[in-house]
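Numbering (our numbering), first residue to last: 91 to 435.
Backbone N, C-alpha and C define an ideal beta-carbon position, used for all residues, glycine too.
Just below is one structure, and these are the notes that go with it.
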Ligand code: FES
Ligand SMILES: [Fe+2]
């Protein structure tokens, strides 16, 4: 079950070059392409002539040309050229999807086109502020339901176990972290503080902390599938908890999960560092450390998915650390139920 009336990330802007890009989104084959003037579009990846994937074709003047018999489709999915004939049948078109290029993303809308309001796209202004925030991004395919990755981000008690060698630290410090959760207009947010705690390996390597730190983690889930993270640390007792986070080690991470199928998704993540912003190596090293961390999540979630596919979910038990995650799931389930109710009317 997917929430259809929502914006999802189809691709990073630099993934879409002069070649078409095939994606499966909400279980539909989609092809993205940029026309000769650079405008990006998304249409169904199946030619209305003989069903061939249009992603096998190429971008030509006027649109995307099917690689089988050469029909050309524009960004609205309309056939604009058929080799050897002048008349284009009325039914010669493929579905098109609203697509918006913003903050380095290509956002796609798979639901009712009339409801596709760009004002509902998550704002990520730091992707436009290279002076303040360094930027690296990537996309990682995961063989797991996308909500398992959102679950993972909404329960950070896994850090001490899954990420021992990277961003983890002492498990009990994660379990005992001071935690505040609140409902927002479009989701759920939480803040965690780990005061006077030993810095994890990634932090030490990136920033050179010598003693203990006051470490914060702010996470905001924006329904259905974005998580905005602001994390950092300062030497313990230097005022971070009281609100002075200046000159600390800090970074923002954008996590965007796009469902491919019921058991696979694409994980779009971006690392924006708020220290050594203009140091290319520091940016690269930090992004690499995150990539290694996210592979740790991917490995766990893929194995989890294998068991859930085999045994279902009715037998699972919730524990105290699931509180925020469950709150997120309640909001998600309400949104899904609302959409299904509307669709049934
Ligand atoms: S299948 Fe696309 S033009 Fe024939
Ligand atoms: Fe994780």
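7 Å Cβ shell around residue i - same chain, five flanking residues per side excluded
i, result
"residue 214", "193 and 344"
"residue 92", "116 and 349"
"residue 401", "none"
"residue 248", "242"
"residue 232", "239, 354, 355, 357, 388, 391 and 392"
"residue 346", "99, 315, 316 and 358"
Extent of the continuous beta strand (DSSP E) to which residue i belongs
i, result
"residue 397", "No beta strand (DSSP E) contains residue 397, which is instead part of the alpha helix (DSSP H) from 370 to 401."
"residue 349", "339 to 351"
"residue 121", "118 to 124"
"residue 291", "Where residue 291 is concerned, there is no enclosing beta strand (DSSP E), although the alpha helix (DSSP H) it sits in stretches over 291 to 297."
"residue 453", "With the chain represented from 91 up to 435, any question about residue 453 goes unanswered, as that position is not in the structure."
"residue 196", "195 to 199"
"residue 358", "354 to 363"
"residue 111", "111 to 115"
"residue 185", "Careful: residue 185 lies outside any beta strand (DSSP E) and carries neither H nor E."
"residue 169", "169 to 171"
Ligand 1 heavy atom lying under 7 Å from the CB of residue i
i, result
"residue 107", "no"
"residue 160", "yes"
"residue 139", "yes"
"residue 355", "no"
"residue 414", "no"
"residue 351", "no"
"residue 321", "no"
For residue i: DSSP bridge partner residues
i, result
"residue 308", "281 and 320"
"residue 156", "Residue 156 pairs with nothing; no bridge assigned."
"residue 271", "280"
"residue 102", "195"
"residue 97", "199"
"residue 287", "303"
"residue 161", "None, per the DSSP bridge assignment."
"residue 325", "303"
"residue 220", "Answer is none; residue 220 lacks a bridge partner."
"residue 148", "155"
"residue 438", "Residue 438 is absent from the model: the chain starts at 91 and stops at 435."
"residue 131", "123"
Nonlocal neighbours in the same chain, by C-beta distance under 8 Å from residue i, ignoring five residues either side
i, result
"residue 404", "none"
"residue 399", "353"
"residue 246", "264, 267, 282, 307 and 309"
"residue 374", "226"
Residue i: first and last residue of the uninterrupted alpha helix (DSSP H) it sits in
i, result
"residue 252", "249 to 252"
"residue 417", "413 to 434"
"residue 236", "236 to 243"
Any non-hydrogen atom of ligand 2 closer than 7 Å to residue i Cβ
i, result
"residue 276", "no"
"residue 249", "yes"
"residue 253", "yes"
"residue 242", "yes"
"residue 389", "no"
Same chain only: Cβ atoms within 6 Å of residue i, ignoring 5 sequence neighbours per side
i, result
"residue 148", "155"
"residue 96", "314"
"residue 444", "This structure gives no information on residue 444, because the portion of the chain shown stretches from 91 to 435."
"residue 422", "none"
"residue 234", "391, 392 and 395"
"residue 173", "160"
"residue 342", "216, 320 and 362"
"residue 124", "106 and 130"
Would you check if there are 3 or more beta carbon pairs closer than 8 Å linking the stretch 114 to 124 to the stretch 343 to 359?
yes
Contact between the stretch 315 to 330 and the stretch 233 to 249 is defined here as three or more beta-carbon pairs at a separation below 8 Å; is this criterion met?
yes
Touching by the beta-carbon criterion (3+ pairs, under 8 Å), the stretch 128 to 143 and the stretch 174 to 185
yes
Looking at C-beta atoms only, is the number of pairs between the stretch 317 to 329 and the stretch 292 to 305 that lie closer than 8 Å three or more?
Contact between the stretch 317 to 329 and the stretch 292 to 305 is present, with at least three C-beta pairs closer than 8 Å.
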